[in-house]
């Protein structure tokens with residue numbers, strides 16, 4: 032709950048949200064419990080991956096914003112499902128990026144190798160859909176099945192553009208929307224639709240989530256480029272190491288010419304993180320990327336203006352603001 036802990040929350044809402052996230056955590060633990068010790072040990076290790084619980088929080092807050100007076104078991108199950116899907120993507124990302132640390136601890140692939148990590152990610156995905164089927168809401172399965180396909184498409188597009196120094200902004204944003212923002216948007220949409228199937232809130236909240244998700248990924252990419260690993264809590268510089276150009280570097284590659292561009296290409300090809308940081312920072316491109324994230328946060332908050340003002344809606348707006356203040 033680190034994003035939420037950084038902002039002021041209505042006391043009653045804070046109590047509700049805290050209790051509901053505890054229940055979601057209990058559902059996660061029950062679902063992933065196995066009679067086999069090695070599986071249990073792996074699942075215990077990845078409990079640290081549940082750091083922010085952002086997506087479950089969005090399911091619950093979207094439900095409350097859409098008129099729910101209380102949270103149902105179906106809301107909690109969906110919150111657990113989207114968190115399991117998210118955790119699976121983190122495990123698989125760590126394999127692809129050859130990352131050693133996450134949330135200040137060693138990654139599964141670092142501890143147990145890629146084969147174990149890939150299978151654990153698959154185990155989480157299969158458990159998420161098994162759990163989702165328990166609430167007998169086929170439309171939710173359909174949305175999350177489609178979103179899982181979208182996540183994989185985003186990863187495949189990103190993999191296909193590694194080492195591509197000519198990648199454009201449109202491709203970058205396509206990757207970000209598919210890989211990150213789609214699941215955040217779906218978390219908001221499903222939470223809203225479970226509370227108000229015929230209402231108007233779901234579309235607004237989904238757009239809120241997608242805009243927040245893109246802004247979140249921009250800031251995450253910036254932390255990988257300019258963040259302090261001890262503060263961020265995970266490996267930094269992995270995007271450059273793996274040949275993935277993120278927004279400030281794409282700006283630079285699209286705009287620099289002559290000797291400046293040749294120097295930039297040389298820094299990228301040599302995986303010179305310190306040199307690349309210096310170039311994009313001096314050119315004002317870190318600030319420009321942050322301005323883009325800030326604009327997306329404002330777009331997200333504008334979607335909330337069409338909804339009734341409630342403590343949950345106010346907290347959603349504060350969560351959006353918190354995205355651009357991240358240091359971790």
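Residue numbers (the working numbering): 32 to 359. Glycine included, each C-beta is placed from N, C-alpha and C at the ideal position. In this text the structure is predicted, and so the values were computed from the model without any measurement.
Residue range of the alpha helix (DSSP H) that includes residue i
i	result
residue 110	104–128
residue 354	342–354
residue 229	Neither: residue 229 is in no alpha helix (DSSP H) and is coded neither H nor E.
residue 270	269–272
residue 277	Where residue 277 is concerned, there is no enclosing alpha helix (DSSP H), given that its DSSP letter is neither H nor E.
residue 334	316–335
residue 338	That residue, residue 338, is in no alpha helix (DSSP H); it is neither H nor E in DSSP.
residue 293	289–300
residue 312	304–313
Bridge partners - residue i, DSSP secondary structure assignment
i	result
residue 136	133
Closer than 8 Å to chain B by CB, residue i
i	result
residue 87	Of the chains in the structure shown, none is chain B; there is only one protein chain.
6 Å CB neighbourhood of residue i in its chain, flanking five on each side removed
i	result
residue 233	220, 223, 224
residue 181	209, 213
residue 141	131
residue 185	206, 209, 210
residue 11	Limits of the chain in this structure are 32 at one end and 359 at the other, which puts residue 11 out of reach.
residue 357	250
residue 237	216, 219, 220
residue 313	none
residue 227	97, 98
Proximal residues to residue i (C-beta, below 8 Å), its chain only, five neighbours per side dropped
i	result
residue 215	85, 86, 89, 240, 241, 243, 244, 247
residue 196	276, 284, 296, 299
residue 341	95, 96
residue 153	119
residue 145	126
residue 318	none
residue 179	116, 156
Nearest-angstrom beta carbon gap, residue j and residue i [assumed within contact, 8 Å]
i	j	result
residue 205	residue 354	Actually they do not touch by this definition, with Cβ atoms about 20 Å apart.
residue 193	residue 274	4 Å
residue 271	residue 304	5 Å
residue 55	residue 110	4 Å
residue 163	residue 126	The Cβ separation is near 24 Å, so there is no contact.
residue 139	residue 76	7 Å
residue 235	residue 349	Between residue 349 and residue 235 the Cβ distance is about 17 Å, and since that is not below 8 Å, they are no contact.
residue 320	residue 278	4 Å
residue 112	residue 157	The Cβ separation is near 12 Å, so there is no contact.
residue 281	residue 200	6 Å
Cβ-based neighbour list, residue i, same chain, cut-off 7 Å, excluding 5 preceding and 5 following
i	result
residue 106	90, 91, 94, 222, 225
residue 102	51, 91, 94
residue 268	255, 304
residue 352	328
residue 135	264
residue 171	109, 163, 221
Unbroken stretches of the alpha helix (DSSP H), 4 residues or longer, contained in the segment 47–84: 68–76
Length-filtered (4 minimum) alpha helix (DSSP H) runs lying within the segment 154–227: 169–191, 200–207, 213–226
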